[in-house]
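Engineer:
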Amino acid sequence: MIINGSIIKEVLVEEMLPLAEAEALRVCFVQFGDDMASRKFVDIKMKVAATLGIEADYVTENVATTDEAIQLVQEAAAQNYDGIVVQLPLPAGIDAERVLNAIPYEMDIDVLTAMGIEAFQQGRTERIPPVAAAIETILKVYKISLLGLQIVIRGKGKLVGEPIMMLFDRTDIAYDAIDIDTPAADQQALLRDADIIISGVGIPHSLTPDMIKDGVILIDAGTSEQSGRLAGDIDPACAAKASLYTPVPGGVGPITVACLFRNLFL
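All letters in the sequence shown, in the order written, are residues 395 to 660 by the numbering used here.
The structure is reproduced here in structure tokens:
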């Protein structure tokens, strides 16, 4: 089954409409550089904001230093937005951690600041990193119990792998996480036996049908550019072997956007 993330997104947005009507909220999306995938995600976010009646500003700048990027984030924060999102990845040479930590904790709806991540890990906030929340939503919608399943997370990055690992750690879900440092033989064995694969490595179509078993659940949270188009980590040909498969675009991405806005109301 191929999952239509746009349908799930619409349901989540519909649920948020009464909340949006009850208060006037403002959000700012900040992008440094011209990453195409980031720009497409901002476009989706701006459309959802318009649907919810949320005032949304989009700031895009080319910066040469980390300090310049921090200054722009601080200027946005001074305008008292309810939420600020800095699009990742940042250009080479820009310290992402320092830039993200310039976002005030209360405006961190992406849960990417050190304070936001710590609060999530310790269960002190209802906000969940949007990609992790999107994957949790997919599992709930399709009534997938993780108990006893072999789960493999591809990639340990800040946007996908890390928050998913934190979510599973919080709920005592066992998993294996692999990345470029994992020996190739170990990767192959884990992927071949996996019941669920969640991928966020950002390497287009790097998971192929010969690497997986029949009936596997494939959740593709990796997004990159290939020949001017968005592409996921998982070769679409894998869908024929999977019991559930999230395509790119149109799978995890739209649900992630809805979960970002849900954080705005929490």
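A virtual CB, placed ideally from N, CA and C, is assigned to each residue, including glycine.
Under a Cβ-count criterion, where at least 16 other Cβ atoms within 10 Å of its own Cβ denotes burial, should P557 be classed as buried or exposed?
Structural biologist: buried
Engineer: Please name the residue or residues paired with A571 in a DSSP beta bridge.
Structural biologist: I547
Engineer: Just how far apart, CA to CA, sit T459 and K607?
Structural biologist: 46 Å
Engineer: Answer with buried or exposed for N657, where buried requires no fewer than 16 other C-beta atoms within 10 angstroms of its C-beta.
Structural biologist: buried
Engineer: Below 8 Å, can you find three or more Cβ-Cβ pairs linking the stretch 493-500 to the stretch 528-535?
Structural biologist: no
Engineer: If the criterion is Cβ atoms closer than 8 Å, does the pair A470 and V424 meet it?
Structural biologist: yes
Engineer: Could you check the C-alpha separation between G599 and Y475 for me, to the nearest Å?
Structural biologist: The displayed chain sequence assigns His, not Gly, to residue 599. Going from the Cα of H599 to the Cα of Y475 covers about 38 Å.
Engineer: Can you tell me whether P412 is buried or exposed? The criterion is at least 16 other CB atoms within 10 Å of its CB, across all chains shown.
Structural biologist: exposed
Engineer: Assess contact between the stretch 423-437 and the stretch 503-521, defined as three or more Cβ pairs (one per stretch) separated by less than 8 Å. Is contact present?
Structural biologist: By the C-beta criterion, the stretch 423-437 is judged not to be in contact with the stretch 503-521, since fewer than 3 inter-stretch pairs fall below 8 Å.
Engineer: What is the C-beta distance between L540 and I567, in whole angstroms, given that I count them as a contact (C-beta under 8 Å)?
Structural biologist: 5 Å
Engineer: Roughly how many angstroms separate the alpha carbons of I396 and I488, rounded to a whole number?
Structural biologist: 37 Å
Engineer: Among S621, Q581 and A615, which residue has its Cα nearest to the Cα of D627?
Structural biologist: A615
Engineer: Taking P648 as the reference, which of E417, M559, Y639 and V525 has the closest Cα?
Structural biologist: Of the candidates E417, M559, Y639 and V525, the one whose C-alpha sits nearest the C-alpha of P648 is V525.
Engineer: Measuring only the C-alpha atoms, how far is V493 from P485?
Structural biologist: 12 Å
Engineer: Express the C-alpha separation of L446 and V457 in angstroms, rounding to a whole number.
Structural biologist: 31 Å
Engineer: So G596 packs on D573, CB below 8 Å; how close in whole Å?
Structural biologist: Contact doesn't hold; Cβ gap of about 11 Å is too wide.
Engineer: Report yes if the C-beta of P557 is less than 7 Å from at least one heavy atom of the ligand GDP; otherwise report no.
Structural biologist: Here there are no bound small molecules, and the ligand GDP is not part of this structure.
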